[in-house]
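Reminder that position 88 of the sequence shown reads as 88 in the UniProt record's numbering, one-by-one numbering, no gaps.
Cβ atoms here follow ideal geometry from the backbone N, Cα and C, with glycine treated the same way.
For clarity, every value in this text was computed on a predicted model and none was experimentally measured.
Before any comments, here is the structure.
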Amino acid sequence: MYLQFQVRRHFSKFTTLYKSKDVKPLYRPHHANPKNGIRSFEKNLPAAKKELKPWEQEGISKDRFFKRKYGHMPDERRKALQEKVARQRRYREMKKAHEKQKLESTEGFKRSREEINYNGPSAKEVMESGTNSGGLSTFFEFVYGTHPIKSVLQARKRPILGLYTFNADDDNGVIKQAKKEYGVKVQQVRDKNALNILSKNGVHNGLVLKTKALDVPYIKSCGHVENGSYKITVEDEDGVDVEKERSVLRKQDEDELFPLALYLDEITDPQNMGSILRTAYFFGVDFIVIPDHTTAKLGPVANKASSGALDLIDIYQTDRSLKFIDSVRENGWNVISTSAKPDESNLDELKDKNYKVEMSLKDKFINLGDLKTVLKRTPVMLVIGSEGKGVRTNMKLRSDFLVGVQKYRENDDIVDSLNVGVATGVIIQSCL
């Protein structure tokens with residue numbers, strides 16, 4: 001017995017409507033498109049009306065319009081109008097020139113950064129050159145900047161091993177001098193970043209000089225002074241003491257000139273060291289003495305801060321600071337240390353030992369105006385201390401005089417001192 005089932009197909013209303021030809025969209029478009037063409041978004045935007053020019057509105061030519069408008073203008077008004085038009089034209093020309101200059105500078109900057117000299121050496125290759133092992137050597141020193149390099153070439157105190165450039169202008173004749181006087185092979189490095197690495201991101205002006213560290217000889221003593229000249233004893237390369245005679249560098253209208261020297265007591269900041277060297281060279285200081293320990297490195301940073309004075313001024317070092325100061329005094333030099341004058345109100349708070357020291361130092365203070373009188377009679381060695389600690393107490397006790405720069409602003413504990421380079425300039429100027 002077979003069961004018969006009647007199968008009926010059921011269709012949804014959606015299917016029925018989908019097959020129907022009478023289906024219409026739910027929303028009608030804003031604009032009819034009877035031709036079924038391509039529609040664009042701009043057709044939905046309101047059409048912009050064309051604005052007519054004033055002469056078009058009146059139906060006359062442009063020349064006739066302006067002749068009628070300005071033809072019967074008074075002379076004063078015409079002159080003012082002409083000046084206004086001239087100003088507008090100048091402004092437009094200036095604006096165009098400024099935009100052109102700005103565009104050229106921007107393109108030049110991008111071009112200099114993107115420009116690569118693939119034939120030039122990289123920073124690593126420059127540092128490895130001249131070493132047998134092929135590794136990076138700290139034996140060399142890289143002097144950067146126009147003035148420091150020019151001073152190294154002029155002073156002739158150290159060998160020149162190479163000059164490296166990148167898009168540098170030779171307006172100061174540094175490249176020409178290096179080629180002519182030293183026979184240096186000038187090489188253009190691969191890119192600007194190579195000079196940045198050699199100078200440790202210093203301001204190199206596209207020039208870096210490869211050389212050796214400055215050799216600072218040891219000084220043993222400062223001799224007596226006669227007729228504008230003085231004698232010093234230094235140690236040569238073989239360790240032998242050699243006496244040298246030097247003339248006073250300053251040019252002053254004096255019957256007899258005495259030398260002026262500086263002793264830098266534990267100046268550890270290379271920027272301050274360079275600032276002092278620059279000031280001393282500018283004012284005609286004869287020579288500078290530094291300790292061979294606890295002092296700033298006389299390297300590229302100090303050289304850049306000194307604007308090249310590091311190689312031009314005579315610098316010596318000593319391994320016995322206190323004994324050296326004693327010998328200087330024994331040979332007729334006046335040793336004057338810089339120090340802040342103690343406050344009378346704080347002396348009572350000091351312990352017995354410190355109180356006695358401060359009281360003994362108090363009697364050594366002289367005014368800035370007295371420095372000129374001292375230098376007119378005897379040779380002078382100024383002792384300059386660091387910004388933080390100043391001159392050591394043992395050095396002050398061995399000094400003939402103490403001097404300080406007076407502060408004229410009262411009730412201010414924030415800015416309580418000068419930069420050591422500025423203070424040195426004030427004191428040296430007071431001596432002259």
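With DSSP run on the structure shown, which of helix, strand or coil describes residue i?
i	result
N227	coil
G162	strand
T131	For T131, the pLDDT reaches just 49, beneath the cut-off of 50, and the residue's location in the model is therefore unreliable, leaving the point undetermined.
G390	strand
T324	The question names Thr, but residue 324 in the sequence shown is Phe. In this structure, F324 counts as helix in the three-state DSSP scheme.
K297	coil
T279	helix
T146	helix
K157	coil
P54	helix
N303	helix
I175	helix
V189	coil
A261	strand
K220	strand
N334	strand
K83	Rather than Lys, the amino acid found at residue 83 in this sequence is Glu. Three-state result, E83: helix.
V152	helix
E93	helix
E141	strand
E104	helix
D412	coil
Q88	helix
E235	strand
Q271	helix
Please report the residue range of the alpha helix (DSSP H) in which residue i lies.
i	result
I197	K192 to L198
V426	V420 to C431
M381	Careful: M381 lies outside any alpha helix (DSSP H), inside the beta strand (DSSP E) at V380 to G385.
T373	L371 to R377
Y70	K62 to Y70
D311	A309 to L312
Taking Cβ positions, are residue i and residue j nearer each other than 9 Å?
i	j	result
S306	M273	yes
P300	P159	no
K210	F166	no
E254	K231	no
L153	A178	yes
V335	I315	no
P379	L260	yes
I428	V405	no
S199	V189	no
S337	V422	no
L402	L368	no
V383	D292	no
C222	V374	no
S430	G385	no
Under DSSP, the beta strand (DSSP E) around residue i begins and ends at which residues?
i	result
S247	D241 to S247
L209	L207 to K212
P291	F287 to P291
V184	Segment: none, V184 is in no beta strand (DSSP E) and carries neither H nor E.
L402	F401 to V403
Can you name, in chain order, every residue of its own chain whose Cβ lies under 8 Å from the Cβ of residue i, other than the five neighbours on each side?
i	result
V203	Y144, G145 and K304
L322	N394, M395 and R398
N419	N272, S275 and E387
L310	P148, S151, L214, G274, L277, L298, A302 and N303
K176	D170
N331	S221, C222, G223 and H224
To which residues of the same chain is residue i closer than 7 Å at the C-beta, ignoring the five residues directly before and after it?
i	result
K150	N172, V174 and G308
D269	A296
K341	F365 and G404
V234	P217, Y218, I219, K220, V242, K244 and Y316
Ordered along the chain, which non-local residues of its own chain (more than five positions away) have a Cβ less than 6 Å from that of residue i?
i	result
F324	T318
L432	none
L3	Low confidence applies here, because L3 scores a pLDDT of 48, under 50, leaving its location unreliable; read the following figure in that light. Within the same chain, L3 has no close Cβ partners at all.
K101	According to the sequence as given, residue 101 is Gln; it is not Lys. No residues qualify anywhere along the chain.
W55	K62 and F65
L371	S430 and C431
D236	V242
K95	none
G425	T279
Compute the minimum distance between the beta carbon of residue i and the heavy atoms of the ligand NAD, and state whether it is under 8 Å.
i	result
R64	In terms of ligand content, the structure shown is empty, and the ligand NAD therefore cannot be addressed.
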